[in-house]
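For reference, the structure is listed below as structure tokens.
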Amino acid sequence: MLKYVLDLVDLLDDPDVDGKRVAAHLDSVAGPEGSGAEVTTVTGERGSTDFVLVRIPGRAGRTRGGSARTLGVVGRLGGVGARPEAVGLV
């Protein structure tokens, strides 16, 4: 498990990373089913931000036909790059 976390941290620390690369990495380690990661890019006057949505179904989750409720986790206060002041994880 730690290996996967460290690999992801290395990927996120790359100044050229984007949501598509993160989704591709998650798909590569998720097995044959893939991660189901969805990337949404929001563009503004000063640049763009990628949002990556990943659902983890669990053993008895509704997305797998079970009856367990879905847990939603929203991350805040961080990201990859606060350009131009900082690149990498912030």
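One point on numbering: in the working numbering, the residue at position 37 of the sequence shown is 69, and numbering is uninterrupted. Glycine is no exception: its CB is placed at the ideal position from the N, C-alpha and C atoms.
**Item:** For R96, the nearest candidate out of R78, V54, E65 (CA to CA)
**Value:** E65
**Request:** Starting from the C-beta of A100, find all residues in its chain whose C-beta is less than 7 Å away, skip the five residues before and the five after it, and write them out in chain order.
**Result:** G90, A92, G93, R94
**Item:** Residue burial classification, S60 (beta-carbon count within 10 angstroms, cutoff 16)
**Value:** exposed
**Request:** Would you be able to state if there are at least three C-beta pairs under 8 Å between the stretch 72-83 and the stretch 49-59?
**Result:** yes
**Prompt:** How many Å lie between V37 and A62 at the Cα?
**Reply:** 13 Å
**Contact under 9 Å by Cβ, L85 with H57** = Cβ atoms of L85 and H57: not closer than 9 Å.
**Cβ-based burial, L109 [other Cβ within 10 Å; buried from 16]** = Any reading at L109 is ruled out, since the residue's pLDDT is 45, under 50, leaving its predicted position unreliable.
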